[in-house]
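Numbered according to this note's numbering, the sequence shown spans residues 26 to 394. Just so you know, even glycine gets a beta-carbon here, dropped at the ideal spot from N, CA and C. Working notes, structure below.
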Amino acid sequence: MGPLPRATHLVTGPVVLSLALLSVAPPTGARAPERLAARPAERPPAATPPSSELPEDTLERPLPLAIPAGLEVAFEKAGWEEAAAGSPLGLDADLVALGRALFFDPVLSRDGSVACASCHRPEASFADPRPRSVGVDGETTRNAPALVNRILGGSFMWDGRAATLEDQVLMPLANPVEMDLPADRAAARIAEDPAWTARFEAACGGPPTRDRLARALAAFVRALVQGDSPVDRFLAGEVAALTAEEEAGMWVFESRGKCWRCHNGANFSDERLHSTGVGARGGAPEEGRFAVTGEERDRGRFKTPTLRGLAHSAPYMHDGSLATLEEVVEFYRRGGEPHGTKSPLMEPLELTDADARNLVAFLRALTPR
Ligand code: HEC
Ligand code: HEC
Numbered sequence: 026m027g028p029l030p031r032a033t034h035l036v037t038g039p040v041v042l043s044l045a046l047l048s049v050a051p052p053t054g055a056r057a058p059e060r061l062a063a064r065p066a067e068r069p070p071a072a073t074p075p076s077s078e079l080p081e082d083t084l085e086r087p088l089p090l091a092i093p094a095g096l097e098v099a100f101e102k103a104g105w106e107e108a109a110a111g112s113p114l115g116l117d118a119d120l121v122a123l124g125r126a127l128f129f130d131p132v133l134s135r136d137g138s139v140a141c142a143s144c145h146r147p148e149a150s151f152a153d154p155r156p157r158s159v160g161v162d163g164e165t166t167r168n169a170p171a172l173v174n175r176i177l178g179g180s181f182m183w184d185g186r187a188a189t190l191e192d193q194v195l196m197p198l199a200n201p202v203e204m205d206l207p208a209d210r211a212a213a214r215i216a217e218d219p220a221w222t223a224r225f226e227a228a229c230g231g232p233p234t235r236d237r238l239a240r241a242l243a244a245f246v247r248a249l250v251q252g253d254s255p256v257d258r259f260l261a262g263e264v265a266a267l268t269a270e271e272e273a274g275m276w277v278f279e280s281r282g283k284c285w286r287c288h289n290g291a292n293f294s295d296e297r298l299h300s301t302g303v304g305a306r307g308g309a310p311e312e313g314r315f316a317v318t319g320e321e322r323d324r325g326r327f328k329t330p331t332l333r334g335l336a337h338s339a340p341y342m343h344d345g346s347l348a349t350l351e352e353v354v355e356f357y358r359r360g361g362e363p364h365g366t367k368s369p370l371m372e373p374l375e376l377t378d379a380d381a382r383n384l385v386a387f388l389r390a391l392t393p394r
C-alpha cells in the first residue's frame, strides 16, 4: 500500500463539500463597517499586506458540516463510523453558527480591535499572510497556521501544547499580545449584551460562560474542513484532474522527495512533532516542543501541518520564514537546517530542478481550485 490514501470509489456524494475559501460574493449580513471605523489606529500593520483590518466572513452559508471528499480514510481512522463523503461531521449547527459569529467579532479582544479572524483570514485558508500576526499589543512570535481540518488534529499549536481545541481557543483570548481578554472576562462582557445572551441560551442552553465560549469557538474551528482537491479527484479515479506536472510531482512526493514520511494519511500530516531545522540559527534550534516537555530530544520539534489549503496560506512554517512553496522545496532539498537534534528523517534530497517544480505544482493541487 502506497503512502498516499487510495480511495476506492468515485466522488459521487453531494457535490463540493469543501469550504468555499475563495467564494467571492460577500454574504448578506456581513459585518457593518462602523466597527472598522472605531478601531484605534495604534500601530502600523506588519511588513506585508493585508493589514490587520477585520476580514469579512466569506464562507458558504450555512456551512455544509459534512465530511469532504478525499478525507474518508482520515475520518475513519479518527473514529467516525460512517465516513463517506457527505456524511455528517457530527457538529451542532447552532453551536457552529454561534462560534462563527464570535470568531469574526472583535468584541472578544481587550480594546475591541482584534478578532480571531484578524489573524486567521478566510481567504488565506484561515492562516495569516503576515509572517507574524499583530494582536492588541504587538506581534506574535509565530505564524498563525491554517485552520484546515483541525477536527482531525491530535494536538494544537505549533509545539502541540494544547491537547484539545476547547483548551486551544481560550489561549489567544488570554494571551496579552493577541486578544488580552481572558475567557471569564470575555464571557462577562458579552453577557451584558442581551442579543448574545439569547444566542447562547438557544445554542448552549445557558448564558455566556468560559466553557460555552470554548465549546462554540471549538465547534466552529472543527467545521473548517477541506477536501475535494484536484489530488483527491485524481485519487478517486478522475485521471484528468491533475496536469502531467502535478501528477509527476505526486510521485516525487512519494518517492525521492520522501515527504510522505511525515506528511502522510488523507490529511497529509502524521500529527506528530519533528525537528526539521526551521528556525535553527548557527546550529542551534529553537526550543519548540522542549518548552512544553523539558526533554532535550524535543528541542526544535514542531508539529507537522496538513498540506491542504497551501495555495492560499503563505508564508510557511511556524515562523513564517519561507515565503513561497518554491522556498519550502529548496529547504527540503538541502535537508533542512543542520543542528544537533535534527530528525534523522531529514536528509538532503536528490531532486532535479524539474522534480522540484513538479513537487510545487503537486502541493498547489492539494487545494481546491
Ligand atoms: C493576534 C493573532 C491571533 C489571534 C487574534 C488568534 N490567533 Fe489563533 N493562532 C495565532 C498564532 C500565531 C498561532 C500559533 C501559535 C503557536 O503555535 O504558538 C495560532 C494558533 C491557533 C490554533 C492552532 C491550530 C493548530 O493546528 O495547531 C487554533 C485552533 C487557533 N489559533 C484558533 C484561534 C481562535 C479560535 C481565535 C480567537 C479566539 C484565535 N485563534 C485568535 C494567531 C492568532
Ligand atoms: C521529518 C518530517 C518531515 C518531512 C520528511 C517533511 N516534512 Fe514538511 N513539515 C514537517 C514539519 C514538522 C513542518 C513544520 C516545521 C516548522 O514550522 O518548524 C513541516 C512544514 C511543511 C510545510 C509548511 C506548511 C505550512 O502550513 O506552513 C510544507 C509546505 C511542507 N512541510 C512540505 C513538505 C514537502 C514538500 C516535503 C518533502 C520534500 C516535506 N514537507 C517533508 C515535517 C516534515
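For T268, no alpha helix (DSSP H) segment is defined, and its DSSP state is neither H nor E. With fewer than 16 other Cβ atoms from the protein chains shown falling within 10 Å of its own Cβ, T349 counts as exposed. In this structure, M204 has its beta carbon less than 8 Å from a heavy atom of ligand 1.
Put simply, the stretch 175-188 does not touch the stretch 119-133. Fewer than three CB pairs are less than 8 Å apart. Cβ contact annotation for A244 (same chain, cutoff 6 Å, sequence separation greater than five): L116, L120, V121 and G124, in chain order. Within the model, the alpha-carbon separation for A171 versus G290 is close to 18 Å. With a threshold of 16 other beta carbon atoms within 10 Å, P87 falls short and is exposed. S143 places its beta carbon 9 Å or farther from that of G163. When DSSP states are grouped into helix, strand and coil, V159 belongs to the strand group. Not one heavy atom of ligand 2 sits closer than 8 Å to the Cβ of H145.
The beta carbons of P373 and R359 sit about 6 Å from each other, so the pair counts as a contact at 8 Å.
Between the alpha carbons of L298 and R314 lies a distance of about 8 Å. Where C229 is concerned, the enclosing alpha helix (DSSP H) starts and stops at P219 to C229. With contacts defined as CB atoms closer than 9 Å, V354 and F327 fail to qualify as a contacting pair.
In this structure, L198 is the residue among S150, G345, L198 and W221 with its C-alpha nearest to the C-alpha of D136. In chain order, E296 place their CB closer than 6 Å to the CB of G179, counting only its own chain and leaving out the 5 sequence neighbours on each side. Non-local beta-carbon contacts of E226 in its own chain, meaning distances under 8 Å to residues more than five positions away in sequence, involve P232 in chain order. Cβ-Cβ distances below 6 Å link V246 to L172, R175 and L190 in the same chain, with the five nearest sequence neighbours on each side left out; the list follows chain order. For the pair A336 and L249, the CB atoms are not nearer than the 9 Å cut-off. If you ignore the 5 residues before and after R224, its C-beta comes within less than 6 Å of the C-beta of L123, all in its own chain and listed in chain order. Runs of the alpha helix (DSSP H) lying entirely within the stretch 293-330 and spanning at least 4 residues, in chain order: 315-318. For Q193, the shortest separation between its Cβ and any heavy atom of ligand 1 lies below 8 Å. The beta carbon of D257 sits no closer than 8 Å to any heavy atom of ligand 1.
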